[in-house]
Structures are given as structure tokens and as C-alpha cells.
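Take a look at the structure below.
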Amino acid sequence: MTHSDHLADRPTPLEARSSGPLTGKVRVPGDKSISHRALILGALAVGETRISGLLEGEDVLNTAKAMRALGARVERSGDFAWSVRGVGVTGFAQPEAPLDFGNSGTGCRLVMGAVAGCPITAVFDGDASLRSRPMRRVLDPLELMGARVGASGPGGRLPLTLHGARDPLPILYRTPVASAQIKSAVLLAGLAAPGVTTVIETEASRDHTELMLKHFGAQIVSTPEGRHGRSIALIGQPELHGAEVVVPADPSSAAFPIVAALIVEGSDIVLSDVMTNPLRTGLFTTLREMGASIEESLVRGDAGEPMAQFRVRASRLRGVEVPPERAPSMIDEYLVLAVAAAFAEGTTIMRGLQELRVKESDRLEATAAMLRVNGVKVEIVGDDLIVEGKGHVAGDGLVATHMDHRIAMSALVMGLASDKPVKVDDTAFIATSFPDFIPMMRSLGAEFS
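Numbering (numbering that gives the first Met the number 0), first residue to last: 0 to 448.
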């Protein structure tokens, strides 16, 4: 039984109620996407990789365990500080037991890519939520490269046995949807293939894998393709070398205190080291269009990723229309944006959210339900979410989180400014991405009980 199964046995409900102004300075946890990739590329490199600011949530710790099971030396050297001694490209050893990724789709799909290029067999598994998520989109290109799927659940679901390729083939692959996970899996498998592996996206997805591959010494070139797309070409069989990685603070986690400060009257908070990669900052762009006071200073960069300090002050927000092409740069943030939209004056239309239907839960339906039960008028038309903001939210609802950490956090943020408290049925799953969310929000003045 995994740790996350134990959590699931005991729901931990929580109530958020309107508090005084939020004030103070905090650093939200390290970015999850960067943390996963730093561990995986550190394991595929030769020599030592030193990581600071690693997110120590369950998802990332499961990736660390998987790298250990595949033969890398992974050690924690201090708070959020880790070292990885890698085995080199194609150097993974056959794991003795199934690799358990808990709740993490990212960790699971990226490691599938890394394993697909090695002549080993590994079993991939996860918790009930991850077992229900389709893996076919990632497995299709990996099979073209020579990997084979043995036993699997229906529709390529976990638990799944993956036989890595003895002689992986470089491919040219057009991704069917904008997905950093599909692209990353192909590129990680492509490390083991001779020649050039190319991924073409009609809509650019997050480029963390490309930036970090460069940081570790791979030769990779990304060029524009069409109006919004990219073509990414990787030269296979590089010698990756260990690197220093400073993990920036996660913009998806920063979204929660940022929206809380915007909607709780009189708030004024500072967040340090927030990643400002333009493929991740759609939420900040949208909030500024709504009238949010968000100031950036102290911009610096590491591992190819820019970061800045944010000062956020309570603001009167107005409804806006969010274009569909912005979706890839803020796909995880629509839940908490919907909360900001509920407190705005006027209607907010968020277009093109089909990708939200295949996350931890059907996040589109779950977001609408979270708002409805707290008295907000909301409708889903096709893949668009339409929220009618009245400048305030009645509250008094019980929100069903469906084992989804982002719904739990979004609902708690809503309760900090609503007329009546908002209850959440279970907060146990917040630990998968943001273990210190509740104490950190309390340190700013949030009232949870």
C-alpha cells in the first residue's frame, strides 16, 4: 500500500473563512516540472548533479525513488537540497520492483520516455487516480521508436509493462495535441537513438525539457513552426554531464497566494524567485488584464529558466475573455483563475479548455461545481468556461475535491474572501504538489479551521 493510499483512507476536511488582509513575504515550493526533470536528467548524466530548491512533494519524491530503482544514486543533502550521481544515457539498470509514481502523471510519462530508450523492462504503476488516466498518447511514439508495451490495463492504462528498445530509432513525430509530456517523453527516448529525433508541435507547449537538456549538455535546436508551433530537433547519444540546478519557485503554486492577495481586501504580499518562463505565465498576463496589481522585480535566471520577485496587492478585478491559444501556458491555473473571475465585476470567458477534461479529475466540470455550490453563476459551453462575476461570492458551500489538489486549494482561496465560509471535503491530496500550502497561507494571515 502506498503512502497516498493511506492518505486516501482518512479524509481531512477543512473550512476557509474570510480573514483580515494577507501580508508578508514567502517563497512557494520549487517548480514541480523542473524538479522532475532535474532528477531524471541528473540520472541520465555522467557525474554529480546538485539540485537546490527541489519540490519535496510526494510526486517528485516518487520520481526520486524511481531514479534510485533504475540505478542512479539519489541523496538528500539538506532542506530542498539533493545530489544525483547519474548512470549516463542508456545506463539504466532493470528495476527489481514496479516503479510506483503515486499520483504523478508527469513523473510517470517522462520516465516512460527515459526507459523506452534503454534495453530494460520496467513495470509502471500508480495510485487509483493515476491508474485511471490514459497513457496511449505517450506510448504511441515510444512504440515507433522501438519500445514495446507488454501487459497493461484497458486502453494502455497502468499498471503497465514497458520493454525498452534494444536499438532505439530516431523519429520525426507530430504531437496530436500541445503536450509537454508527450514531447518530453519522445525527446528523452531520443537521447538513446543515433541521429536526430524531431518533435513538431502545431501549438507550442512548455519548453522546460528543451532548456534543461541544453543545461546538461545536449545539442537541441528549437525553431518556429507555423503560427504558434515549434519544431524541436535533438541530436541523439550525447554525453550529458552533471550540472547545478537551482529550481525556481513554481508559478502554478504561486497562483494560489497571488489570487488570495488580489481578492482579500487590503492584502499586500511578496513572493520570491517565481519562475517567469513565458510558456508558464498566462495566468499573470490574464490577471493583469483583469486589473491586478502584480509588480515584478529582481529578475534572474538559472538552468535556462528566468525568475523574479512578485509584489501583489488587493485589486478590483473586471471580467475578461481569455483566448484559447493561452491555454497551454496556464492549463493548471484555470481553477484558481475561475475563483478570481467570481470576485471580478462582469463576465469572464475562458476558451478552449478541452485539456482540463483529462487531468486528475474532469477539472472543467469540477471547477464549475466548486463555483455553483458557493452561489456563483457559471456555465460550460463546449470547451469554454463562462463565469459571471458579481464582485463578491456568497460561499457556504461544501466543495467535492475528487482527489484533486488544485480544486482543494482553489476552494480554500475562495473561502478567504467569500461572505460565508467555504468547506472542502478533503485536503489530504494537497501534499502531492504543495505540502506546506496550509501553514504558508496561515503565515500570511489566512484563516482555516
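We put the beta carbon where it would ideally sit given N, CA and C, even for glycine. Just so we're clear, the structure is a prediction, and the values are computed from it rather than from any experiment.
- Just measuring C-alpha positions, the residue of 68, 33 and 41 sitting nearest residue 54 is 33.
- Three or more beta-carbon pairs separated by less than 8 Å link the stretch 273–287 to the stretch 321–333, which places the two stretches in contact.
- Secondary structure note for residue 160: its beta strand (DSSP E) is the uninterrupted segment 159–162.
- In the DSSP annotation of this structure, the continuous segment of the alpha helix (DSSP H) that includes residue 283 starts and ends at 281–288.
- By the criterion of a C-beta distance shorter than 7 Å, residue 444 is surrounded in its chain by 18, 19, 20, 21 and 22, once the five residues flanking it on both sides are discounted.
- If only complete runs of 4 or more residues are kept, the stretch 367–416 shows the alpha helix (DSSP H) at 404–414, in order along the chain.
- According to the DSSP assignment, residue 304 belongs to the beta strand (DSSP E) that extends over 304–312.
- A direct Cα-Cα distance of roughly 14 Å separates residue 352 from residue 386.
- Inside the stretch 22–51, DSSP marks whole alpha helix (DSSP H) runs of 4 or more residues at positions 31–43, from first to last along the chain.
- Within the same chain, and ignoring the five residues on either side of residue 133 in sequence, the residues whose Cβ sits closer than 6 Å to its Cβ are 154.
- Just measuring C-alpha positions, the residue of 230, 416 and 289 sitting nearest residue 265 is 416.
- When C-alpha distances from residue 106 are compared across 405, 184 and 245, the shortest belongs to 184.
- Non-local beta-carbon contacts of residue 391 in its own chain, meaning distances under 7 Å to residues more than five positions away in sequence, involve 342 and 418 in chain order.
- In this structure, the beta-carbon distance from residue 11 to residue 346 does not fall below 9 Å.
- In the DSSP secondary-structure assignment, residue 292 is bridged to 312.
- Inter-residue distance for residue 403 and residue 428 is about 6 Å (C-alpha atoms, whole angstroms).
- Note on residue 227: under 16 other CB atoms within 10 angstroms of its CB, so exposed under the neighbour-count rule.
- For residue 334, the CB contacts under 7 Å within the same chain, skipping 5 residues up- and downstream, are 362, 366, 405, 406 and 409 in chain order.
- Between residue 25 and residue 314, the C-beta gap is not smaller than 9 Å, which leaves the two residues out of contact.
- Between residue 339 and residue 262 the beta-carbon gap is near 7 Å, inside 8 Å, which marks them as a contact.
- Annotation: residue 214 to residue 241 spans about 9 Å, alpha carbon to alpha carbon.
- For residue 123, no alpha helix (DSSP H) run applies; the uninterrupted beta strand (DSSP E) run containing it begins and ends at 120–124, by DSSP.
- When 311, 67, 208 and 95 are compared, the shortest CA-CA separation from residue 84 is found for 67.
- Assigned with DSSP and collapsed to three states, residue 170 falls in coil, not helix or strand.
- The C-alpha of residue 223 lies about 10 Å from the C-alpha of residue 201.
- According to the DSSP assignment, residue 437 belongs to the alpha helix (DSSP H) that extends over 436–443.
- Straight across, the Cα-Cα distance linking residue 189 with residue 431 is about 29 Å.
- Leaving aside the five residues that flank residue 356 on each side, the residues in its chain whose CB is nearer than 6 Å to its CB run, in chain order, 363.
- Per DSSP, the beta-bridge partners of residue 300 are 305.
- Residue 118 and residue 433 have their C-alpha atoms spaced approximately 35 Å apart.
- Ranked by how close their Cα comes to the Cα of residue 337, the residues 376, 218, 100 and 324 have 376 in first place.
- Secondary structure at residue 344: strand, using DSSP grouped into helix, strand and coil.
- For residue 208, the enclosing alpha helix (DSSP H) has its first and last residue at 207–214.
- Around the beta carbon of residue 247, 16 or more other beta carbons lie within 10 angstroms, which makes this residue buried.
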